[in-house]
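Peer 1: Can you keep this structure in mind? I'll have questions shortly.
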Amino acid sequence: MSREKIGEKLLRLSLITEEMLLAALDESSRTGCMTGEALVRLGFIPASDLARPVAETLGVEALLEGDYPERPVPIGRQPARSFLEENRVVPVAVKGTTLVVASAKPQDPFPAEAIKVLAGMDVEQAFGVPEQVLGAVERLYGSRDRALGELIDDLDEKETGPARPGLDETEGLKEAALEAPVIDLVNLIIARAVERRASDVHVEPFEGGLRVRYRVDGVLHVSETLPWRLHPVVSSRVKIMAGLNIAERRLPQDGRVKHTASGKEVDIRVSTVPTLYGESVVMRLLDPESALALEGLGFSARTREAFSLLAAQPHGMILVTGPTGSGKTTTLYAALSRIDTGGKKVITIEDPIEYKLDGVNQIQVKPSIGLTFAKGLRSIVRQDPDIIMVGEIRDAETAEIAVHSALTGHLILSTMHTNDAPGAIARLLDMGVEGYLISSCLLGVLAQRLVRVICPACRETYAPSERELGLLAEAQMLPGGVAALSRGMGCGECGGTGYMGRTGIFELMPVTDRVRELTVERQGAAALKGAALSEGMVELRADGWDKVVSGVTTVEEIERVTLR
1 MSREKIGEKL LRLSLITEEM LLAALDESSR TGCMTGEALV RLGFIPASDL
51 ARPVAETLGV EALLEGDYPE RPVPIGRQPA RSFLEENRVV PVAVKGTTLV
101 VASAKPQDPF PAEAIKVLAG MDVEQAFGVP EQVLGAVERL YGSRDRALGE
151 LIDDLDEKET GPARPGLDET EGLKEAALEA PVIDLVNLII ARAVERRASD
201 VHVEPFEGGL RVRYRVDGVL HVSETLPWRL HPVVSSRVKI MAGLNIAERR
251 LPQDGRVKHT ASGKEVDIRV STVPTLYGES VVMRLLDPES ALALEGLGFS
301 ARTREAFSLL AAQPHGMILV TGPTGSGKTT TLYAALSRID TGGKKVITIE
351 DPIEYKLDGV NQIQVKPSIG LTFAKGLRSI VRQDPDIIMV GEIRDAETAE
401 IAVHSALTGH LILSTMHTND APGAIARLLD MGVEGYLISS CLLGVLAQRL
451 VRVICPACRE TYAPSERELG LLAEAQMLPG GVAALSRGMG CGECGGTGYM
501 GRTGIFELMP VTDRVRELTV ERQGAAALKG AALSEGMVEL RADGWDKVVS
551 GVTTVEEIER VTLR
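The sequence shown begins at 1 in this note's numbering and counts up by one.
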């Protein structure tokens, strides 16, 4: 299947726009995934809408959700669940002497050949939406939830810790953490996180037990409570995976591990901290193939073009602001991914390094040995860089060095924790940076938040309430009236939340002549905001309301992540 062919078909069917196709082709060439998969990954099209166009392009049958059987197809030897998951295939029917198999990639002959040998039948591959194929595998060949419950029951009946005489506590925990049931339990927890699209897994000890929670689309969901007595072996297993010291339980530790779950490789950043009832363990799951294109972050065309122009400047400073977890670093990575690293020297100093960028020199901050943002930045400027990304401006020393680096011919990209774009200038002034220096080097400030996107599988339109109409009217979003808004009802694909994935809302403040004047005068954030709004800046909340009216997200989401 050629990428252009399926893209042109979707374009002809008006399922996507030309801009969406260009972004998907860029993502496809960067990661090696298929164009349709890239369109889904970027949130441009529901996975279910791909079935018939992709199947027609490949010349195979399309299978929809109702085409999957209620129980496993009766064949001689059933394939292993792990094989079906990794290859995203599942048997669905027998036609005479032929076994029909749903496959996310029917052009790949390997799974069909393997199942043919196993079943002793001819195999015909049909196209199945990846999420629906995996759902059928779980339903037909064993639920993660059921497997997890069985493992917990099995472990709860056993002794954990130093069971053999002569072992001290640490040796006993290490031995227990290397046993198959404990390994399987931790692997299942991580696999469930990957399947649920979780960004973080929290394993937290409390008096009543060991609580496991998943953060999906920015919101934490309680999954299950394990027996408290499993806490030592579970935390020890995670620490062993991340190369941490299992004997040290009084101090925080940080580590990293590569892990494969559900056929997908993920980078896991592990953090442990001591609490009242034991160590709290948090695993952050990072997808090395995540989209790092500006087109997939949720920018309006106008804001994306303006931000791209700022990032194309030869020198100066660009700041991205927002709270922790608002996607600031991802935006900077997306900006860096557009740069020709063959013609420019790009260096980053980060804490931690979340994604590896080709052609970019990345430095990990290590305060324990004195490698701070400030000290690292001082050394970086002697490496003849063109572009420097500083993970965060946290203190006056880092701010001063960054400003001076921007003034001496470097393009500086960094983040700060402020509520809005004008607040970044006020924060720099509070840090002691002179207003005339800020006005001379700062190109612009981008504030952002992440909001959940309405699930395309269970989307419905509804008549807005009086309160919602009032909010939109107050934001001047009702020039022609709003007859209907959208929301998600909750379904199997979104886990009953009504949301699937996240997108950004943005507030871009270019530093204009008027903003420079106010900065030199050391005016506050309110005066800076007033000037920026009078010159066309769109506030975060206004960008959010625009996404509500266009059916991307909901009123509740904008109220959840923005200040009024």
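Note that beta-carbon positions come from the ideal geometry of N, C-alpha and C, so glycine has one too. None of the values given here were measured: they were computed from a predicted structure.
Among 404, 501, 529 and 126, which has the Cα closest to the Cα of residue 514?
Peer 2: Per the Cα distances, 529.
Peer 1: If I'm right that residue 430 touches residue 447 with Cβ under 8 Å, what's the distance once you round it to whole angstroms?
Peer 2: So it is not a contact: roughly 17 Å between Cβ atoms.
Peer 1: Would you tell me roughly how many angstroms separate the C-alpha atoms of residue 458 and residue 95, rounded to the nearest one?
Peer 2: Roughly 33 Å between the two C-alpha positions.
Peer 1: Counting C-beta neighbours from all protein chains within 10 Å, is the total for residue 285 16 or more, i.e. buried, or is it exposed?
Peer 2: Counting Cβ neighbours within 10 Å, residue 285 comes out buried, since at least 16 surround it.
Peer 1: So what does DSSP say about residue 127, is it helix, strand or coil?
Peer 2: Here residue 127 sits in strand by DSSP.
Peer 1: Sort out for me which residues DSSP pairs residue 344 with in a bridge.
Peer 2: None; residue 344 has no bridge partner.
Peer 1: Which same chain residues, not among the five before or five after residue 402, have their C-beta less than 7 Å away from its C-beta?
Peer 2: So the list reads 317, 377, 390, 393, 412 and 414, once near-sequence residues are dropped.
Peer 1: Quick check: the region 124-141 against the region 78-93, are at least 3 beta-carbon pairs closer than 8 Å?
Peer 2: Yes, the region 78-93 touches the region 124-141.
Peer 1: Are there 16 or more other CB atoms within 10 angstroms of the CB of residue 343, so buried, or fewer, so exposed?
Peer 2: Per the 10 Å Cβ criterion, exposed.
Peer 1: In this structure, does DSSP put residue 174 in helix, strand or coil?
Peer 2: In the structure shown, residue 174 sits in a helix (DSSP, three-state: H, G or I).
Peer 1: Find the nearest neighbour of residue 624 within the set 182, 132, 537 and 107, judged by alpha-carbon distance.
Peer 2: Nothing can be reported for residue 624, as the shown portion of the chain is limited to 1 through 564.
Peer 1: Name the DSSP beta bridge partners of residue 122, please?
Peer 2: Per DSSP, 98.
Peer 1: Does the region 188-198 come into contact with the region 171-179, if we say contact requires no fewer than three beta-carbon pairs (one atom in each stretch) closer than 8 Å?
Peer 2: Too few Cβ pairs lie closer than 8 Å, so no.
Peer 1: Closest to residue 68 by CA distance: which of 79, 55, 90 and 47 is it?
Peer 2: Considering only alpha carbons, the answer is 90.
Peer 1: Once you ignore the five residues that flank residue 427 on each side, which residues in its own chain have a CB closer than 7 Å to its CB?
Peer 2: Excluding sequence neighbours, residue 427 sits near 416 and 418.
Peer 1: What's the call for residue 313, buried or exposed, on a 16-neighbour Cβ count within 10 Å?
Peer 2: Its Cβ having fewer than 16 others within 10 Å, residue 313 is exposed.
Peer 1: Among 214, 365 and 527, which one has its Cα closest to the Cα of residue 423?
Peer 2: Measuring from the Cα of residue 423, the nearest candidate turns out to be 527.
Peer 1: Do the region 54-73 and the region 122-130 make contact, defined as three or more Cβ pairs closer than 8 Å?
Peer 2: Verdict: yes, contact present.
Peer 1: In three-state DSSP terms, what is residue 9?
Peer 2: The answer is helix: DSSP assigns residue 9 an H, G or I state.
Peer 1: Just list the alpha helix (DSSP H) runs in the region 481-523, keeping only unbroken ones of 4 residues or longer that don't cross its boundaries, in chain order.
Peer 2: If we require 4 residues or more, the alpha helix (DSSP H) runs fully inside the region 481-523 come out as 513-520.
Peer 1: In terms of residue numbering, what span does the beta strand (DSSP E) encompassing residue 462 cover?
Peer 2: Its beta strand (DSSP E) spans residues 459-462.
Peer 1: May I ask which residues mark the beginning and end of the beta strand (DSSP E) holding residue 258?
Peer 2: That run of the beta strand (DSSP E) goes 253-261.
Peer 1: Tell me whether residue 163 is buried or exposed, calling it buried when 16 or more other Cβ atoms sit within 10 Å of its Cβ.
Peer 2: Note on residue 163: pLDDT 40, under 50, position unreliable in the model; the coordinate value appears next. Exposed: under 16 other Cβ atoms inside 10 Å.
Peer 1: Residue 436: buried (16+ other C-beta within 10 angstroms of its C-beta) or exposed?
Peer 2: The residue is exposed, with fewer than 16 neighbouring Cβ atoms inside 10 Å.
Peer 1: Within 10 Å of its beta-carbon, does residue 235 have 16 or more other beta-carbons around it, so buried, or fewer, so exposed?
Peer 2: Result: buried.
Peer 1: Do you know whose CA, among 277, 18, 184 and 47, lies nearest residue 104's CA?
Peer 2: The shortest C-alpha separation from residue 104 is found at 47.
Peer 1: Ignore the nearest five residues each way along the sequence and tell me which others in residue 20's own chain have a CB closer than 6 Å to its CB.
Peer 2: These residues qualify, in order along the chain: 44.
Peer 1: So, helix, strand or coil for residue 43, using DSSP?
Peer 2: Note: residue 43 maps to coil in three-state DSSP.
Peer 1: In whole angstroms, what is the alpha-carbon distance linking residue 72 and residue 133?
Peer 2: So the two alpha carbons sit approximately 13 Å from each other.
Peer 1: Excluding the 5 residues preceding and the 5 following residue 349 in the sequence, name in chain order all residues of the same chain whose CB lies nearer than 7 Å to its CB.
Peer 2: 363, 365, 373, 376, 377, 380, 390 and 391.
Peer 1: Under a three-way DSSP split, which group does residue 355 fall into?
Peer 2: Three-state result, residue 355: coil.
Peer 1: Beta-carbon within less than 7 Å of residue 277's beta-carbon, same chain only, minus the 5 sequence neighbours each way: which residues are those?
Peer 2: Once the five neighbours on either side are set aside, the close Cβ partners of residue 277 are 205, 206 and 207.
Peer 1: Write down the C-beta distance between residue 503 and residue 451 rounded to the nearest angstrom, noting that I regard them as a contact closer than 8 Å.
Peer 2: Confirmed, about 6 Å.
Peer 1: Taking all protein chains shown into account, do 16 or more other C-beta atoms lie within 10 angstroms of the C-beta of residue 355, making it buried, or fewer, making it exposed?
Peer 2: Residue 355 should be labelled buried.
Peer 1: Can you find at least 3 beta carbon pairs, one from the region 207-218 and one from the region 239-254, that sit closer than 8 Å?
Peer 2: No: the two stretches stay apart, fewer than three of their Cβ pairs being nearer than 8 Å.
Peer 1: Tell me, please, which residues DSSP counts as bridged to residue 26.
Peer 2: None; residue 26 has no bridge partner.
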